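Right, one structure below, let's go through it.
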Amino acid sequence: MRNKKLLLGIGIMCCLWCLPKIVHGKENKVSFSLVELKCENMVDPLGIDNVTPHLSWKLKGDGVVDGQAFYEIQVASDSLLLIGGKADLWKSGKLKSDVSVMVPYQGLPLASRSLCYWRVRAWDRKRHVSQWSPVARFSVGLLNKEQIHGVYIGSSPEGGKVCAPLLRKKVQIGELATTFLYVNSLGYHEVYVNGKKVTENVLTPAVSQLNKRSLMVTYDVSSYLKEGENDLLIWLGQGWYKKTTFGAAYDGPLVKAELNMLRNGKWEVLTATDTSWRGRESGYSDTGNWCALQFGGERVDGRIVPTDFSTYSLDKMKWYPVVEVNVPRHIVSPQMCEANKIHQTLQPVSIRKLSEDTWLVDMGRIQTGWFEMKMPMLSAGHEVTMEYSDNLTKEGEFDKQGESDVYIAGGRRGEYFRNKFNHHAYRYVRISNLPARPKTEWIKSLQIYGDYRQTATFECSDADLNAIHNMIQYTMRCLTFSGYMVDCPHLERAGYGGDGNSSTMSLQTMYDVAPTFTNWIQTWGDSMREGGSLAHVGPNPGAGGGGPYWCGFIVQAPWRTYVNYNDPRLIKNYYPKMKEWFSYVDKYTVDGLLKRWPDTQYRDWFLGDWLAPIGVDAGAQSSVDLVNNCFISECLGTMEKIALMLGEKEEAEKFAMRRKNLNELIHQKFYHPGKGIYSTGSQLDMCYPMLVGAVPDSLYDDVKRKMMTDTEKQHKGHIAVGLVGVPILTEWAIRNREVDFLYQMLKKRDYPGYLYMIDNGATATWEYWSGERSRVHNCYNGIGTWFYQAIGGLRIDESIPGYQHVFIDPQIPKGLTWAKMAKDTPYGVIAVDWELTDNIMDLQVDIPVGVTATLCIPDEAVSCMMDGKNIRIEKKMIQLKAGNFKYYIYMK
1 MRNKKLLLGI GIMCCLWCLP KIVHGKENKV SFSLVELKCE NMVDPLGIDN
51 VTPHLSWKLK GDGVVDGQAF YEIQVASDSL LLIGGKADLW KSGKLKSDVS
101 VMVPYQGLPL ASRSLCYWRV RAWDRKRHVS QWSPVARFSV GLLNKEQIHG
151 VYIGSSPEGG KVCAPLLRKK VQIGELATTF LYVNSLGYHE VYVNGKKVTE
201 NVLTPAVSQL NKRSLMVTYD VSSYLKEGEN DLLIWLGQGW YKKTTFGAAY
251 DGPLVKAELN MLRNGKWEVL TATDTSWRGR ESGYSDTGNW CALQFGGERV
301 DGRIVPTDFS TYSLDKMKWY PVVEVNVPRH IVSPQMCEAN KIHQTLQPVS
351 IRKLSEDTWL VDMGRIQTGW FEMKMPMLSA GHEVTMEYSD NLTKEGEFDK
401 QGESDVYIAG GRRGEYFRNK FNHHAYRYVR ISNLPARPKT EWIKSLQIYG
451 DYRQTATFEC SDADLNAIHN MIQYTMRCLT FSGYMVDCPH LERAGYGGDG
501 NSSTMSLQTM YDVAPTFTNW IQTWGDSMRE GGSLAHVGPN PGAGGGGPYW
551 CGFIVQAPWR TYVNYNDPRL IKNYYPKMKE WFSYVDKYTV DGLLKRWPDT
601 QYRDWFLGDW LAPIGVDAGA QSSVDLVNNC FISECLGTME KIALMLGEKE
651 EAEKFAMRRK NLNELIHQKF YHPGKGIYST GSQLDMCYPM LVGAVPDSLY
701 DDVKRKMMTD TEKQHKGHIA VGLVGVPILT EWAIRNREVD FLYQMLKKRD
751 YPGYLYMIDN GATATWEYWS GERSRVHNCY NGIGTWFYQA IGGLRIDESI
801 PGYQHVFIDP QIPKGLTWAK MAKDTPYGVI AVDWELTDNI MDLQVDIPVG
851 VTATLCIPDE AVSCMMDGKN IRIEKKMIQL KAGNFKYYIY MK
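The UniProt record's numbering applies: residue 1 is where the sequence shown begins, and numbers increase by one.
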C-alpha cells in the first residue's frame with residue numbers, strides 16, 4: 001500500500017511538472033510580465049491621428065534577464081473577442097524580434113472611428129513565455145474633415161456675453177452601448193453629461209496654430225449616459241481663439257461636436273452641433289487679449305454662474321438660440337498629446353493684512369495653475385479683486401505683473417471663486433475689497449500641467465547641488481503644459497524655440513514628454529511660411545524675438561525626441577520641413593557664412609546668446625555671427641544623422657561636407673591667433689567652436705586652457721553665459737570631463753548663479769540672472785542634463801536610441817562623496833548609485849531588460865571586484881546586460 005501511494009504521488013508530481021509542457025509545447029511560463037502598454041506613446045489613447053499606430057510595452061520581472069526574443073500581438077474590435085483569442089483585426093503570430101518600442105500595427109486596414117483592443121506576450125531567449133498582458137485599447141479619430149458631422153456653433157449675443165458660454169442639447173437614447181463624443185473647439189471646452197463633468201481634464205484642447213489647424217478631442221461618455229433623455233452640455237472658453245492672436249472668425253469660442261454610438265459593429269450619429277442647440281452666458285468672461293504681457297484673467301459673476309449642472313437646475317435657466325459661424329477652411333486633426341490635469345494643491349504659508357480690506361497671501365512657492373478661494377457671506381454684486389505675482393519687490397511690496405481676477409458675489413452662502421479658462425503663474429496673491437480676513441483653509445493653489453510622468457530622480461552628498469537640480473526639475477513642470485513648453489507661463493506663454501532648444505535634453509531626461517513634442521513640433525510645421533521662413537515661436541500668434549538658434553528648433557527637437565524615446569515619427573514627418581528651412585538659411589548665407597536675415601511681422605531680432613550676465617557682451621556682432629554659424633554647423637551634423645537614419649546616404653554626405661567646410665570658415669573668420677581667442681573670447685565664443693569641431697586639433701588644448709583661465713580671471717569662476725550658452729557649456733564640460741570646472745561654478749553663491757537665485761528666495765529659475773521680470777522662466781534649465789550625464793554618469797548612445805545602449809561613466813568632482821540617480825527609459829529603469837570612501841568606489845548599477853550598457857572604468861582604477869572576484873579592467877570597459885551589479889573599484 002505504501003509503495004502504491006508513493007508511486008501515485010510521484011505520478012501526480014510528474015503530471016503537474018509536465019502540464020505546462022503539454023499546454024505550451026516546449027515553452028515554459030516564468031515570472032515575467034508585460035507592463036505599461038502604450039499606443040503612439042500614450043496610454044489607451046482615444047482618437048489618434050493615423051491608421052498605422054505604433055505599439056510599445058515593457059518587460060518586467062527577474063525571469064527575463066536575457067531579453068525578449070519573440071513577441072505576439074493580438075488586436076480585436078471587441079475586448080471579449082480578444083480575451084477569447086479571436087483577434088479579428090490582427091494576429092501577428094510569434095515573431096522573432098527583440099523590439100518592444102514603437103512596433104507598427106500591421107493588421108487589417110483601420111479607418112476613422114476604429115475602436116481596437118490589443119494585448120501582447122513575449123518569449124525570452126530560453127523560450128520561456130509570459131502571460132498575455134492586460135488588455136489595452138486605442139481608437140482612431142476622425143481623419144477626414146468630410147467625415148465630421150455638425151457645424152461650428154457659438155453663443156448668440158442674445159444669450160449674454162459670448163466669451164465663455166454654455167451650449168446645451170438634450171438627446172434621447174434607447175439601449176446603451178459604447179458611445180464617443182468628438183469635440184473640435186476653437187477655444188477651450190469642458191464637457192458635462194447628465195450633470196457630471198466628463199474626465200478631470202482642464203484647459204482642453206492643447207495649443208495649435210489656430211489659423212492653420214484646430215484639434216479634436218475624443219471622449220468615451222458611455223458610463224455617463226442613461227436610457228431615455230440625456231443632458232449634454234459643452235462649456236466653452238475663448239483662450240487663444242481671439243482676433244488679437246489668430247484672427248478668430250467670431251468674438252467668442254466655437255465648437256463642432258458629434259455624439260456617436262457603436263451598435264452591431266457600426267457607428268451611429270446620435271446628435272451633432274447645429275442650430276437646434278441652445279446657449280447662454282455662464283458668468284465667466286475673459287479680461288485679457290492674450291497678447292504678450294496682456295493675459296489678464298477672468299471676471300466671474302456669482303449671480304450668473306450655475307451652482308450645479310443637473311437637468312433640474314439647467315431647466316430653470318433661460319436658454320437662447322445659438323449662432324452658426326462660417327469658419328475659414330483649416331486642418332482639423334486629433335489631439336496627440338496628454339491632456340492637462342490638476343496635479344497638486346498648495347495652501348498658503350502666510351496671510352498678511354495690508355489694509356482694512358486688502359490681504360497678501362503667500363503660497364510658499366511659485367506654481368502654474370488656478371487660484372481657488374471660498375468667499376465669506378457677501379452682498380450680491382460685491383466685487384473682490386485678486387492680483388497675482390511671482391515676486392515681491394526689494395521693499396517687500398507686491399510686484400504687480402498685470403494678472404488679476406474679479407469675483408462678483410451672488411449673495412449666497414458657500415460661494416467660491418475658481419479659475420476655469422485662464423491660468424496664472426504666481427506665488428503671491430493680493431486680495432482687495434474683501435472685508436473679512438480669509439482663512440488658510442479657504443484658499444488653494446491648483447498646479448496644472450500635462451498628464452505626463454516624471455521619469456528621473458537625482459540626489460547626492462551636496463545639498464546645494466540637490467537644491468539646484470530640484471529647482472530646475474520643478475521649473476520645467478511649471479513650464480510644460482497644453483502640448484508645448486513655454487518661456488514663462490504668465491507673461492508671454494510663448495513656445496520659444498530658443499528656450500526649447502536650451503532645455504529639451506533636460507526636459508526629456510526628467511519627464512516622459514514624447515507626445516508633448518509631437519504636438520509642439522506640429523505647431524512649428526504649421527507656422528512655417530513660404531520659402532522655409534520660420535518664426536521664433538511655435539505656435540505663432542504674433543511676433544517674437546530670437547535668432548537662428550530659435551528657428552532651428554525644428555531640426556534639433558525631432559532628433560532629440562528620437563534619441564530619447566526611440567520615436568522616429570518626427571524626423572520622418574518633418575525632414576522635408578527641415579530641408580526647407582535650410583533653403584532659407586542658404587538664402588542669407590554670404591561667402592559660406594550665415595548673415596542677418598530680415599525682421600518680419602511674425603519674427604524680429606537676430607540674437608546670438610540671450611540674457612548673459614552683466615559684463616558679457618553677447619550682443620557684439622562678431623559674437624552673434626560666430627554663435628549662429630556654430631549653431632548651423634551643429635544643425636548640419638544633426639541633419640547628417642537624420643539623413644543616415646532615413647537611408648538618405650547621399651544627402652547625409654552632402655550635409656557632412658557642408659559642415660566640414662563651414663567649420664573651416666568659422667575658424668578662419670573668427671579665430672584671433674594673437675589673442676588665442678574666438679570672436680570676443682567669451683565662454684560661449686570659446687566653447688561652441690570646440691563643441692562643433694571648428695577648432696583644429698593642434699589648437700584645442702590651448703583654446704580650452706584659455707577659456708578656463710579667463711573664466712577664473714575675468715569672471716572669478718562664475719558661469720558667464722545666457723540662454724543659448726548654458727546647454728552648450730554644459731555639454732562641452734560633460735564631453736571634456738571637466739566636472740570640477742562646472743561644479744565650482746554651481747557652488748558660487750553670489751551673482752550670477754543658481755545658488756544666488758535660491759539664496760534670494762527662488763523656487764523656480766529666473767528669466768534674468770539678476771532676477772528681473774519673470775521668476776519662473778526657461779532661460780537657464782539646460783544645466784539639468786549635467787546631474788545625470790556627469791555626476792550620475794548615464795550617457796545615451798545616439799546610434800542606438802531610446803536608451804537601448806548606454807554608457808555608465810560617473811564624473812566625480814572633488815568634495816562629492818556619493819550620488820544616486822534613476823532614469824525610467826522606454827525599456828525600464830536604469831539606476832546608478834555610487835559612493836566614494838577613501839580610495840574605494842562602491843558602484844551599483846541596475847540595467848532593465850532590453851538595455852545593454854558599457855561601464856567605463858576610471859583611469860585612476862587599479863583593480864575592480866564583483867561578487868568577491870577580480871574583474872579584468874585592461875580595456876577600462878565592462879559590457880553589461882540586464883541585471884543588478886555591484887562593483888568595488890579600487891583607485892590609486
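Yeah, the Cβ is synthetic: ideal placement off N, Cα and C, and Gly gets one too. In this text, all values refer to a predicted model and were calculated from it rather than measured experimentally.
Report yes if the C-beta distance between residue i and residue j is below 8 angstroms; otherwise report no.
i	j	result
GLN68	VAL217	no
ILE719	MET686	no
ASP231	THR179	no
ALA694	SER633	yes
LEU166	ARG299	no
LEU507	PRO548	no
VAL832	GLY792	yes
CYS551	TRP581	yes
Between the alpha carbons of residue i and residue j, how many angstroms are there, rounded?
i	j	result
VAL703	GLN621	21 angstroms
GLY107	PRO53	11 angstroms
THR385	LEU360	12 angstroms
ASP604	LEU636	24 angstroms
LYS21	LYS126	With a pLDDT of 37 at LYS21, under the threshold of 50, the modelled position of that residue is not reliable, and the figure given next carries that caveat. Computed Cα separation, rounded: 14 angstroms.
LEU392	GLU835	41 angstroms
CYS337	ASP567	14 angstroms
LEU607	TYR743	28 angstroms
ALA463	GLU200	37 angstroms
PHE417	VAL207	25 angstroms
ASN661	LYS654	11 angstroms
ARG329	ILE666	46 angstroms
Answer yes or no: does any C-beta atom of chain B fall closer than 8 angstroms to that of residue i?
i	result
TRP605	Here chain B cannot be found, since the structure has a single protein chain.
Would you call residue i buried or exposed, if buried means 16 or more other Cβ atoms sit within 10 Å of its Cβ?
i	result
THR730	buried
ILE889	buried
ASP701	exposed
LEU314	buried
LEU465	buried
LEU293	exposed
ASP824	buried
CYS291	exposed
Closest to residue i by C-alpha separation, out of the options, would be which residue?
i	options	result
TRP524	GLY546, VAL555, LEU270	VAL555
VAL198	PRO489, PRO558, LEU210, SER222	SER222
SER31	THR765, ARG121, ALA111	ARG121
GLN789	MET821, THR204, PRO673, GLY369	MET821
LYS577	MET639, GLY592, GLU738	MET639
residue 895	PHE246, THR852, ALA861	Nothing can be reported for residue 895, as the shown portion of the chain is limited to 1 through 892.
MET102	PRO157, ARG413, GLU530, LYS38	LYS38
GLN131	PHE309, LYS706, SER33, TRP550	SER33
GLY160	VAL721, ASP390, GLY283, TYR511	GLY283
ASN41	TYR602, TYR562, PRO810	TYR562
For the beta strand (DSSP E) containing residue i, list its first residue and its last residue.
i	result
PHE606	Careful: PHE606 lies outside any beta strand (DSSP E) and carries neither H nor E.
GLN367	358-374
LEU59	54-60
PRO848	Neither: PRO848 is in no beta strand (DSSP E) and is coded neither H nor E.
GLU653	Here GLU653 belongs to no beta strand (DSSP E); instead the alpha helix (DSSP H) covers 649-670.
ALA861	861-866
GLN131	Where GLN131 is concerned, there is no enclosing beta strand (DSSP E), given that its DSSP letter is neither H nor E.
ARG773	That residue, ARG773, is in no beta strand (DSSP E); it is neither H nor E in DSSP.
GLY500	Not the beta strand (DSSP E): GLY500 falls in the alpha helix (DSSP H), residues 497-510.
In the DSSP assignment, find the alpha helix (DSSP H) that holds residue i and state where it starts and stops.
i	result
LYS587	569-587
GLU731	725-735
ARG280	Where ARG280 is concerned, there is no enclosing alpha helix (DSSP H), although the beta strand (DSSP E) it sits in stretches over 278-280.
THR523	514-527
LYS161	Per DSSP, LYS161 belongs to no alpha helix (DSSP H) and is neither H nor E.
GLY623	Checking the sequence shown, residue 623 turns out to be Ser, not Gly. 621-645 is the span of the alpha helix (DSSP H), which, as asked, contains SER623.
ASP710	697-715
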